[in-house]
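J.:
Protein chains: 4
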Amino acid sequence: MLTVGLIGYGYWGPNLARVFSELPDVSLHTLCDRSFERQRLARSRFHRLSTCTNPDELFRNPDIDAVLIATPVSTHAQLATQALKAGKHVYVEKPMSMRPEDAEHLTALAKRQRRILMVGHTFLYSPPVRKIKQMIDQQTLGRIYYINCSRVNLGLFQPDVSVFYDLAPHDISMILYWLNADPLWVCAEGASFVRKKILEVGFATMGFPRGVVAHLHVSWLAPSKLRQTTVVGSKRMILYDDTSNNEKVKLFDQGVVRNPETFGEFQLTYRSGDVLSPHIDASEPLRNQAKAFVEAIESGRPPISDARFGGRVVRVLDAIEASSRQNGKRRWLR
Amino acid sequence: MLTVGLIGYGYWGPNLARVFSELPDVSLHTLCDRSFERQRLARSRFHRLSTCTNPDELFRNPDIDAVLIATPVSTHAQLATQALKAGKHVYVEKPMSMRPEDAEHLTALAKRQRRILMVGHTFLYSPPVRKIKQMIDQQTLGRIYYINCSRVNLGLFQPDVSVFYDLAPHDISMILYWLNADPLWVCAEGASFVRKKILEVGFATMGFPRGVVAHLHVSWLAPSKLRQTTVVGSKRMILYDDTSNNEKVKLFDQGVVRNPETFGEFQLTYRSGDVLSPHIDASEPLRNQAKAFVEAIESGRPPISDARFGGRVVRVLDAIEASSRQNGKRRWLR
Amino acid sequence: MLTVGLIGYGYWGPNLARVFSELPDVSLHTLCDRSFERQRLARSRFHRLSTCTNPDELFRNPDIDAVLIATPVSTHAQLATQALKAGKHVYVEKPMSMRPEDAEHLTALAKRQRRILMVGHTFLYSPPVRKIKQMIDQQTLGRIYYINCSRVNLGLFQPDVSVFYDLAPHDISMILYWLNADPLWVCAEGASFVRKKILEVGFATMGFPRGVVAHLHVSWLAPSKLRQTTVVGSKRMILYDDTSNNEKVKLFDQGVVRNPETFGEFQLTYRSGDVLSPHIDASEPLRNQAKAFVEAIESGRPPISDARFGGRVVRVLDAIEASSRQNGKRRWLR
Amino acid sequence: MLTVGLIGYGYWGPNLARVFSELPDVSLHTLCDRSFERQRLARSRFHRLSTCTNPDELFRNPDIDAVLIATPVSTHAQLATQALKAGKHVYVEKPMSMRPEDAEHLTALAKRQRRILMVGHTFLYSPPVRKIKQMIDQQTLGRIYYINCSRVNLGLFQPDVSVFYDLAPHDISMILYWLNADPLWVCAEGASFVRKKILEVGFATMGFPRGVVAHLHVSWLAPSKLRQTTVVGSKRMILYDDTSNNEKVKLFDQGVVRNPETFGEFQLTYRSGDVLSPHIDASEPLRNQAKAFVEAIESGRPPISDARFGGRVVRVLDAIEASSRQNGKRRWLR
């Protein structure tokens, strides 16, 4: 039986509470939130739940094995540090931290403390994203050319972080996972309209080894929800629409064919083919992710979205923000 | 009766031939194309059509009032110059020229010669684009925040120009028309995968006066056809999907509302509302455009997509290409 | 505080339990189900819930004000009768009974006992269905011509009732509600393929006063989920797609116009117009319905889906089944 | 070189004229239409076309090998009879005749005259319909259970025939072709709202050998265009949407599985699977059909939609109309 404590019961915390409380062999023990009202709400939903206002209570409690952190991004690094130092396993929401240095310190700390530090990159536990990973690894698409992502809708404006920190971690985590590589450079542009200081709309381009390019568009200001990702390869192409009910992933068996024998302008022909929507299992990503955290603790083997992976995402985010503050200047990642 | 000659009967020329030949009071007189086979094909479709190989024949013919140019982009400037010098009215396909200087010379030349020089920015004559223009001008959207365009599919690779020159003129012309303004700066990234020298995928961001931002994504390498434009304003938002059969334009009566009375983080609320797909007349954009050319000649008043407008588009294209060759560096337009 | 008991915790019961337990001023007191395992499951979800195997316990308990019945259709009439005789208010799932006579007896009994008897025609409490009712009543559509409904997918085969009894109550209740009338006649055809005795696919046509026609197609055997209803009127038409995320109701401002001045064949012209998707509030139909039950008990005023309404639906269902057993012979309702 | 004459240049005739005139080895020689204006219009589009007002001219002309008939349905039988008697091959639009007896006489006459008599059931020459036929014949779907067709939109009201005669021939021809069988019985209901005498909305059910059922819904009064056909088999299911641009045919690898080992109620399980949209060639059905007519004449072998096939469709139509006039009474086809 794994005993967990949760810090933060705002917009996202209730989802973690629900998912972890429904897992067998997991006991949701204590909730920590500054608001008494939120504490009361949580107690009404989960009986025998203790609540507290100060996270130290949680860290000091020897009955608690693991801590889940669902607080504003700017507090992630400090809370995770304290939890690890107190000997707890830690699940922290994405992005892991604001600054790459903090992510590195946390990664090192978790290693020293021999504790699991997992970052909530939920899409890595989502069936369609896994299906696409499998198709890429099996060379179904051929050589990957480029990836294009749109993640927009009339969305919740974050008070402390830009739309890049809010929405792009999803796409960056998928791209790093699929390509198994980090970008060499990024360039990004952002804009804000309703409020003045925090970017509300963003565009970023990333260059990967061997000429692979990825682009992402994130926005809190769009008329309808779009969660669309295109993966284009030399043999086949994928359209992944996370808002579709039945056909989230479509594999297009078509492409451009080079005709090596002919010369001149028209040496390219087009190959049309079938479109396949593979059956995708309907398991809930958040639940899969919670199970992965428990399994990682039990086995001692890090999950896919471990501290190191979370840190790679933070590095990319940091470079994107930096580029967007410099008129879209290309930023090289060392 | 307006007598016209057409230069170029490749991919696009036949469409011009069809549309102009069907207009009352227009006579399609001579076709000029290098290929005898294309000449023969044209004669079989349009009876009493003369054909020739050398455009000079066309320019010298005093019976011909106007010349339509549907040749590769790199030849536009020279052919249009010759036609204007020969005293013809000229319709030239978009983009008007490769270089902004050529566009300026042509504009000046047309003025001196007192001839109509029109550029084939067909979307300016398309009912949905006009409907959106009307809604923007009537302040239906409120203040414009940003515009985002995707124009992608497994498309015809051009032999001589990049995907920016091939596809972006459509989006740029719409944006300049709607905003009635030129970008202050652009930055762009492009990539090629199948062939090495010509950009096949491109992303560009443009900054306009008063903080308005526009972004475009063009690609010859995408699994399915996308012609999607989002216009976001302070009051309402528009989704324009040119591939939709029935509901090309959707007006979303929703947005973000600033609550001036409250303080602190959560002063924003969301307003949900109706979605309206206005009835759009079904007239053919190409035919509307051809009629606009004839009317401009008859009235002596320049069409919307006159030489000056075409030149503005070329200037933006030129800056996009330049930025894409400089790692996405922001290029300011003087 | 209203104290309720629930009979049946199979496929649907858990939804009623959840919705009623979340209402303020309602206490879910006792659950009755034959299966100990289902009882245990219910207790783990709702603390302080009593459970029992025999519904008599529930009926005899003076603390219980109202009984919710979510058992197989064939048991509805008897359980509702017992509950009413025990002085309870009753909410029973649709259809209210197998036979029209039972529905009549129940209606009379509820009246004698001065108790609320409500039938779970949830769609009558669904925002899109209400919106359409409002538009019909305000003459937005003009005179109603016909209604066509499809409700199909690879669905749960019922063990005791046909696909008509399982799926058609939804459509019939909407149609009776919208038209505020009963059919004069019905004719129906059904078929079964996987099992032999119970209809799995059905088609029914209904004739209403003033020539209005309604048709419905129900099926447990269809490749993809369809919940589509068309309402055609003399002025406007509605498409209601309950599977759509954003635009469940579309109002088409188009129709056929009789031209009274002309004679001969071509006196009809078509009017094209805008398409409007009105904003529909996002409240949960099941929760709205539960609130309506509580309000009916408190106010003593019957809900829309009262016993009489439920009985009208049963009469139509009974006629449909009868017609389908007689090769689709038209059955007149007295 | 096959020389053809065309009778009727109203709504549909121009399509036949275009397609036949574009075929190599076919010469469109004479057009017959009562209206001088339509004759003039035809001459302006097709040079060297003769025109006449009386079809006898066409029949008497020994240069004309074949006659295409695109006139109102009520005139089909007589014109086809005259053409066959004059020794011409005949292509007649669907339905071939109003009455089954006329279809039989025509079939016998064509045989006696040793001439090709082809009916314009264009869907039999449409790539998606052929693809589905191929999948059915290869047992991809398993045993066919049922077929459901919707063919509706705000459509052209016919002056002389009901919506059944106007739209149902398409669906009936597809169903007979796919199942390779005739219905044993039909029952149908129709209604009219705008005009009083001619059915504008219709529903028909057809029973085929081995329990296969087909249903069709046709309407001139629907808010949006629907061309949807569902074919459900024991192993797989097909959705055919003729209005889709890219994925007209979808094959669902799912179904209901009987579990022979278990007893009791829940012996059925559901199998979910991939969805495949096979690549469908983009050839034009009307052109394929015209080619089939030419090939049939050249080879002497009847086309798929020969006189006998056309007669089978007329028999079904006739029974549908008869049932709809008798309150939906089931009509058995001998």
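Chains A, B, C and D, in that order, are what the protein sequence lines are. The opening residue of the first sequence carries number 631 in our numbering; numbering runs sequentially from there. The opening residue of the second sequence carries number 631 in our numbering; numbering runs sequentially from there. The opening residue of the third sequence carries number 631 in our numbering; numbering runs sequentially from there. The opening residue of the fourth sequence carries number 631 in our numbering; numbering runs sequentially from there. Beta carbons: idealized from backbone N, C-alpha and C, even for Gly.
What does asparagine 595 of chain C reach in chain A if we use C-beta pairs closer than 9 Å?
T.: Summary: the structure shown does not reach residue 595 of chain C, with chain C confined to residues 631 through 964, and so no result is reported for it.
J.: What three-state label does DSSP hand methionine 728 of chain A in the structure shown?
T.: The residue you call residue 728 of chain A lines up with position 98 of the first sequence. Note: methionine 728 of chain A maps to coil in three-state DSSP.
J.: Which residue marks the beginning of the beta strand (DSSP E) containing alanine 818 of chain B, and which one marks its end?
T.: The residue labelled residue 818 of chain B in the question sits at position 188 within the second sequence. Where alanine 818 of chain B is concerned, the enclosing beta strand (DSSP E) stretches over 815-821.
J.: Closer than 9 Å, CB to CB, is aspartate 693 of chain D near chain A or not?
T.: Residue 693 of chain D sits at position 63 when you count from the first residue of the fourth sequence. No, no contact with chain A.
J.: Here's the rule: buried if 16 or more other CB atoms are within 10 angstroms of the residue's CB, otherwise exposed. What is leucine 786 of chain C?
T.: Along the third sequence, one-based indexing puts residue 786 of chain C at 156. Flag for leucine 786 of chain C reads exposed.
J.: Less than 9 Å between CB atoms is the rule here; does glycine 635 of chain A satisfy it with respect to chain D?
T.: As a position in the first sequence, residue 635 of chain A is number 5, starting the count at 1. Not one chain D Cβ lies under 9 Å of glycine 635 of chain A.
J.: In angstroms, rounded to a whole number, what distance separates the CA positions of proline 757 of chain A and arginine 664 of chain C?
T.: Sequence index remark: in the first sequence, residue 757 of chain A carries index 127 (1-based). Sequence index remark: in the third sequence, residue 664 of chain C carries index 34 (1-based). Those two C-alpha atoms are separated by around 37 Å.
J.: Whole angstroms are fine: how far does the CA of leucine 747 of chain B sit from the CA of glutamine 669 of chain D?
T.: Taking the first residue of the fourth sequence as 1, we reach residue 669 of chain D at position 39. Taking the first residue of the second sequence as 1, we reach residue 747 of chain B at position 117. Cα to Cα, the separation comes out at about 39 Å.
J.: Check each candidate in D:Ser874, D:Val905 and D:Phe833 and name the one with the smallest Cα separation from isoleucine 868 of chain D.
T.: Here residue 868 of chain D refers to the residue found at position 238 of the fourth sequence. The shortest C-alpha separation from isoleucine 868 of chain D is found at D:Val905.
J.: Determine the burial state of arginine 964 of chain B: buried for a count of at least 16 other Cβ atoms within 10 Å of its Cβ, exposed for fewer.
T.: On the second sequence, residue 964 of chain B is found 334 positions in, with the first residue counted as 1. That one is exposed.
J.: With a Cβ-Cβ cutoff of 9 Å, do isoleucine 777 of chain A and threonine 859 of chain A count as a contact?
T.: The residue you call residue 777 of chain A lines up with position 147 of the first sequence. The residue you call residue 859 of chain A lines up with position 229 of the first sequence. Yes, Cβ-Cβ distance for isoleucine 777 of chain A and threonine 859 of chain A is below 9 Å.
J.: Within the stretch 704-761 of chain B, note down every full beta strand (DSSP E) run reaching 3 residues or more, in order along the chain.
T.: Listed in chain order, the complete beta strand (DSSP E) runs (minimum 3 residues) inside the stretch 704-761 of chain B are 719-723 and 747-750.
J.: What residues match up with serine 680 of chain C in a beta bridge as DSSP calls it?
T.: Working through the third sequence from its first residue, we reach residue 680 of chain C at position 50. Residue pairing by DSSP places serine 680 of chain C opposite C:Thr660 in a beta bridge.
J.: Is phenylalanine 833 of chain B helix, strand or coil by DSSP?
T.: The count along the second sequence starts at 1 and reaches residue 833 of chain B at position 203. Reduced to three states, the DSSP call for phenylalanine 833 of chain B is strand.
J.: With DSSP run on the structure shown, which of helix, strand or coil describes histidine 847 of chain A?
T.: On the first sequence, residue 847 of chain A is found 217 positions in, with the first residue counted as 1. It is a strand residue.
J.: So, does the CB of histidine 659 of chain A fall closer than 9 Å to a CB anywhere in chain D?
T.: Position 29 of the first sequence, counted from the start, is the residue given in the question as residue 659 of chain A. Judged by the 9 Å Cβ criterion, histidine 659 of chain A is not in contact with chain D.
J.: Use the C-beta contact count for threonine 892 of chain A: other C-beta atoms within 10 angstroms, 16 or more gives buried, fewer gives exposed.
T.: Here residue 892 of chain A is taken as the residue at index 262 of the first sequence, counted from 1. The pLDDT assigned to threonine 892 of chain A is 49, lower than 50, so where the model puts this residue is not dependable; a value taken from the coordinates is nonetheless given after this. Threonine 892 of chain A should be labelled exposed.
J.: Of the choices D:Ala672, D:Trp642 and D:Leu636, whose alpha-carbon is the least far from that of valine 656 of chain D?
T.: The residue you call residue 656 of chain D lines up with position 26 of the fourth sequence. Out of D:Ala672, D:Trp642 and D:Leu636, D:Leu636 has the C-alpha closest to the C-alpha of valine 656 of chain D.
J.: Where does the unbroken alpha helix (DSSP H) through leucine 806 of chain D begin, and where does it stop?
T.: Stepping through the fourth sequence from its first residue, residue 806 of chain D is reached at position 176. That run of the alpha helix (DSSP H) goes 793-809.
J.: Is it right to say glutamine 884 of chain A is buried, meaning 16 or more other beta carbons lie within 10 angstroms of its own, or is it exposed?
T.: Within the first sequence, residue 884 of chain A is the residue found at index 254, counting from 1. Buried.
J.: Hey, quick one: how far does the alpha helix (DSSP H) through serine 856 of chain D stretch, first residue to last?
T.: Numbered from its first residue, the fourth sequence carries residue 856 of chain D at position 226. The sequence shown places leucine at residue 856 of chain D, not serine. Segment 856-863 is the beta strand (DSSP E) holding leucine 856 of chain D; no alpha helix (DSSP H) there.
J.: Hey, is leucine 906 of chain D's beta-carbon within less than 9 Å of any beta-carbon in chain C?
T.: For the purposes of this step, residue 906 of chain D is identified with residue 276 of the fourth sequence, where counting begins at 1. With 9 Å as the cut-off, leucine 906 of chain D does not count as an interface residue toward chain C.
J.: Using a Cβ-Cβ cutoff of less than 6 Å, which residues in the same chain neighbour glycine 1033 of chain D once the five nearest sequence positions on both sides are dropped?
T.: Lying outside 631 to 964, the shown extent of chain D, residue 1033 of chain D is not represented and no answer is given.
J.: Would you say asparagine 918 of chain D faces chain C, with C-beta separation under 9 Å as the test?
T.: Counting from 1 along the fourth sequence, the entry for residue 918 of chain D is found at position 288. For asparagine 918 of chain D, the answer is no, since every Cβ of chain C falls outside 9 Å of its Cβ.
J.: Would DSSP call serine 780 of chain D helix, strand or coil?
T.: One-based indexing of the fourth sequence puts residue 780 of chain D at position 150. If DSSP states are grouped into helix, strand and coil, serine 780 of chain D belongs with the strands.
J.: According to DSSP, what are the bridge partners of glycine 635 of chain A?
T.: As a working note, residue 635 of chain A is residue 5 in the first sequence. Beta-bridge pairing links glycine 635 of chain A to A:Thr660 and A:Val697.
J.: Mapping the DSSP letters down to three states, classify arginine 945 of chain B as helix, strand or coil.
T.: To locate residue 945 of chain B, count along the second sequence from 1; it is residue 315. Note: arginine 945 of chain B maps to helix in three-state DSSP.
J.: Could you name the residues of the same chain whose beta carbon sits closer than 7 Å to that of leucine 688 of chain C, not counting the 5 residues immediately before and after it, in chain order?
T.: If you number the third sequence from 1, residue 688 of chain C lands on position 58. Excluding sequence neighbours, leucine 688 of chain C sits near Gly635, Ile637, Thr660, Cys662, Cys682, Ile694 and Val697.
J.: Tell me the DSSP bridge mates of methionine 867 of chain D?
T.: If you number the fourth sequence from 1, residue 867 of chain D lands on position 237. DSSP lists D:Val862 and D:Phe882 as partners of methionine 867 of chain D.
J.: Could you check the C-alpha separation between glycine 894 of chain B and tyrosine 755 of chain A for me, to the nearest Å?
T.: Position 264 of the second sequence holds residue 894 of chain B. Position 125 of the first sequence holds residue 755 of chain A. For glycine 894 of chain B, the pLDDT reaches just 48, beneath the cut-off of 50, and the residue's location in the model is therefore unreliable, leaving the point undetermined.
J.: Are there 16 or more other CB atoms within 10 angstroms of the CB of alanine 738 of chain B, so buried, or fewer, so exposed?
T.: The residue labelled residue 738 of chain B in the question sits at position 108 within the second sequence. Classification of alanine 738 of chain B: exposed, given that the 10 Å Cβ count is below 16.
J.: Taking all protein chains shown into account, decide if proline 839 of chain C is buried (16 or more other Cβ within 10 angstroms of its Cβ) or exposed.
T.: By one-based count along the third sequence, residue 839 of chain C stands at place 209. Result: exposed.
J.: When the cut-off is 9 Å and only beta carbons count, does threonine 873 of chain A lie next to chain C?
T.: Within the first sequence, residue 873 of chain A is the residue found at index 243, counting from 1. Interface residue, yes.
J.: Per DSSP, what kind of secondary structure is valine 905 of chain D in: helix, strand or coil?
T.: Here residue 905 of chain D refers to the residue found at position 275 of the fourth sequence. In this structure, valine 905 of chain D counts as strand in the three-state DSSP scheme.
J.: Taking the beta carbon of serine 913 of chain C as the centre, do at least 16 other beta carbons fall within 10 Å, making it buried, or is it exposed?
T.: Indexing the third sequence from 1 puts residue 913 of chain C at position 283. So serine 913 of chain C counts as exposed.
J.: In angstroms, rounded to a whole number, what distance separates the CA positions of arginine 938 of chain D and tryptophan 815 of chain D?
T.: The residue labelled residue 938 of chain D in the question sits at position 308 within the fourth sequence. The residue labelled residue 815 of chain D in the question sits at position 185 within the fourth sequence. Arginine 938 of chain D and tryptophan 815 of chain D: Cα-Cα distance of roughly 19 Å.
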